[in-house]
Amino acid sequence: MRFMLMAAMASLVFTACTTTRETRLYDALGGAPGVAKLVDAISAEYRDDARIGFLFEDTDQDYFKARLREQICAISDGGCEYTGLSMEEAHSGMDLSEAQFNDFVDASRRAMTKAGFAIGVQNRLLARLAPMRGEVIHQ
Amino acid sequence: MLRQPSPLIALLLLPIAPLHAADEGRLKATGGLVTIEAAAGGGLVPWAVMAGSSTRPGVDVVAGFSATQVADFRLASLGLSASWNDRFELSLGRQQFTVDRGLLPAGIDRRIGQTVLGAKLRIAGDLIYGDLPQMAIGLQYKHSDSDVLAGALGARRNDDVEAYFSVTRLFLAGPFDRNWLLNGSVRATRANETGLLGFGRIGDDDHALVGEFSAAMFFNPEFAIGAEYRQKPDGLPGLGESDWRDVFVAWVPNRRFSLAVAWVDLGTIAARPDQDGVFVSMTGNW
Chain A
19 MRFMLMAAMA SLVFTACTTT RETRLYDALG GAPGVAKLVD AISAEYRDDA
69 RIGFLFEDTD QDYFKARLRE QICAISDGGC EYTGLSMEEA HSGMDLSEAQ
119 FNDFVDASRR AMTKAGFAIG VQNRLLARLA PMRGEVIHQ
Chain B
231 MLRQPSPLIA LLLLPIAPLH AADEGRLKAT GGLVTIEAAA GGGLVPWAVM
281 AGSSTRPGVD VVAGFSATQV ADFRLASLGL SASWNDRFEL SLGRQQFTVD
331 RGLLPAGIDR RIGQTVLGAK LRIAGDLIYG DLPQMAIGLQ YKHSDSDVLA
381 GALGARRNDD VEAYFSVTRL FLAGPFDRNW LLNGSVRATR ANETGLLGFG
431 RIGDDDHALV GEFSAAMFFN PEFAIGAEYR QKPDGLPGLG ESDWRDVFVA
481 WVPNRRFSLA VAWVDLGTIA ARPDQDGVFV SMTGNW
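Residue numbers (our numbering), protein chains in the order written: chain A, 19 to 157; chain B, 231 to 516.
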């Protein structure tokens with residue numbers, strides 16, 4: 019009985035892993051239309067956020083969204099080339115704190131939830147954005 | 231009457247927490263819960279995280295209450311924990327262990343209290359970011375009120391200091407594309423039943439190195455399921471002290487409040503076997 023249970027759990031883990039690993043993140047996000055929807059949601063959420071919205075007062079929204087679409091496409095294996103500033107350059111002079119970075123994470127999660135992205139896809143995208151933290155904060 | 235803190239104190243304190251909402255800080259759930267020994271962690275096991283959600287610079291104070299009911303015993307614990315700059319944590323815990331009616335002759339106090347004063351220092355790494363997992367060292371000074379009972383059972387003393395080292399990491403998008411928290415701690419201890427039955431024993435006064443482990447999977451940012459295992463020393467002769475384990479569900483609706491419900495298996499306590507039951511824990515922060 020215990021063996022059966024373990025076998026069932028193992029096969030569950032195996033299937034879950036293979037199904038998710040087979041899906042390119044870019045496709046899981048819904049390809050170009052999905053990424054566009056995601057970026058619209060994220061930029062709106064950032065702009066309206068009480069704590070980080072002020073950082074976007076002078077931002078050219080169209081330019082910002084175009085670069086963010088490229089970047090998300092690039093890091094999700096969608097094959098795009100990111101043509102914007104480096105992360106250090108883009109956040110230079112802002113001196114973002116760790117708390118503000120966390121506000122961005124929270125806002126991104128809210129935006130993705132509102133836009134209907136599943137938790138697993140949210141986690142995968144955030145896992146790929148997380149390594150950039152060092153290039154974003156305290157610049 | 232500080233010797234026997236009432237659960238009511240915690241219940242009175244906790245609802246205040248959301249009014250003093252910390253509006254910014256770390257991501258929620260990254261402060262863990264207040265453990266039975268007041269340090270931030272899971273239910274039974276301290277983690278390398280700092281209580282609450284302070285970042286640099288910042289101070290955060292957390293209050294927690296837990297209640298454990300197994301076959302023949304109850305354990306209530308109340309903890310206060312403060313952290314500075316996501317670096318250093320001080321905690322104060324008060325536990326009350328109660329033996330169920332009928333197990334002891336009339337006239338003997340069925341309650342044992344213990345005070346735990348803790349300090350924890352984050353020494354390296356980060357819970358989520360960078361190459362290294364978060365690491366911390368901690369000390370816990372424990373004072374058990376059970377000098378007579380513990381002495382009669384063979385314990386050498388009723389207060390002692392324990393040291394531990396914890397490594398904790400949140401893995402983003404692990405199996406099932408879920409975020410997983412893993413913790414491993416090593417503790418040097420001479421405690422009998424975490425100190426409730428004193429420390430050391432006649433004929434063996436060495437510290438034991440014990441391992442304590444937690445694993446949790448976040449279904450989503452609000453709900454996690456997990457398990458813990460806490461190794462314990464051999465204990466007093468004839469009492470059959472066991473390792474402790476639990477399986478829990480945690481609800482973290484925001485940065486200020488969390489609730490965990492667990493099934494705990496405390497094995498044999500004071501020669502009474504099959505001590506499994508329910509554990510409930512609440513943590514709120516300012």
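Backbone N, C-alpha and C define an ideal beta-carbon position, used for all residues, glycine too.
| query | result |
| --- | --- |
| Residues of the region 384-404 of chain B with Cβ closer than 7 Å to any Cβ of chain A, in chain order | Leu402 and Ala403 |
| Separation of leucine 402 of chain B from alanine 145 of chain A, as counted between CA atoms | 5 Å |
| Alpha-carbon to alpha-carbon, glutamate 267 of chain B and aspartate 76 of chain A | 50 Å |
| Chain A contacts made by the region 351-378 of chain B, where a contact means CB separation under 8 Å | Ile358, Tyr359 and Gly360 |
| Chain-ordered chain B contacts of isoleucine 90 of chain A [CB-CB under 8 Å] | Correct list: empty, because the minimum Cβ distance to chain B is about 15 Å. |
| DSSP-derived helix/strand/coil call for alanine 251 of chain B | Caution is warranted here: a pLDDT of 36 is assigned to alanine 251 of chain B, below 50, making its placement in the model unreliable, and the coordinate value is therefore given only provisionally. Three-state result, alanine 251 of chain B: coil. |
| For serine 488 of chain B: DSSP bridge partner residues | B:Thr513 |
| Validate contact between the region 388-402 of chain B and the region 451-460 of chain B using beta carbons, cut 8 Å, 3 pairs | no |
| Pairwise C-alpha distance: phenylalanine 443 of chain B and arginine 151 of chain A | 28 Å |
| Candidates A:Cys98, A:Gly71, A:Leu73 and A:Phe72, of which the one nearest alanine 84 of chain A by Cα | A:Cys98 |
| Exposure of isoleucine 342 of chain B, with buried meaning 16 or more beta-carbon neighbours within 10 Å | buried |
| Any C-beta of chain A under 8 Å from that of arginine 486 of chain B | no |
| Cutoff 8 Å: proline 451 of chain B Cβ touching any chain A Cβ | yes |
| Limits of the beta strand (DSSP E) - the one that alanine 278 of chain B falls within | First-last for alanine 278 of chain B: undefined, no H or E at that position. |
| DSSP three-state assignment for glutamine 140 of chain A, whether helix, strand or coil | helix |
| Residues sharing a beta bridge with leucine 439 of chain B, DSSP | B:Ala418 |
| Within 9 Å of chain B by C-beta, residues of the region 98-115 of chain A in sequence order | Ser115 |
| Same chain, Cβ closer than 7 Å to aspartate 253 of chain B, neighbours up to 5 away in sequence not counted | For aspartate 253 of chain B, the predicted model reports a pLDDT of 44, less than 50, meaning its position is unreliable; a value from the coordinates is still stated below. Contacts found: none. |
| Aspartate 390 of chain B burial status per 10 Å Cβ neighbour count (16 or more: buried) | buried |
| Coarse secondary structure for glycine 381 of chain B, derived from DSSP in three states | helix |
| Residues bridged to alanine 117 of chain A [DSSP beta-bridge criterion] | Answer is none; alanine 117 of chain A lacks a bridge partner. |
| Interface partners of asparagine 409 of chain B on chain A, CB under 7 Å | Asn141 |
| Collapsed DSSP secondary structure at lysine 462 of chain B in the structure displayed | coil |
| Whole runs of the beta strand (DSSP E) within the region 315-366 of chain B, excluding any shorter than 3 residues | 318-329 and 341-354 |
| Interface residues of chain A facing arginine 517 of chain B [CB-CB closer than 7 Å] | Nothing about residue 517 of chain B can be read from this structure; chain B reaches only from 231 to 516. |
| Backbone CA spacing between alanine 445 of chain B and glycine 272 of chain B [nearest angstrom] | 9 Å |
| Beta-carbon proximity list for threonine 328 of chain B, same chain, < 7 Å, skipping 5 on both sides | Phe303, Arg304, Arg340 and Arg341 |
| Proximal residues of chain B, C-beta to C-beta of alanine 129 of chain A below 7 Å | The contacting residues do not exist; alanine 129 of chain A stays about 13 Å from chain B at best. |
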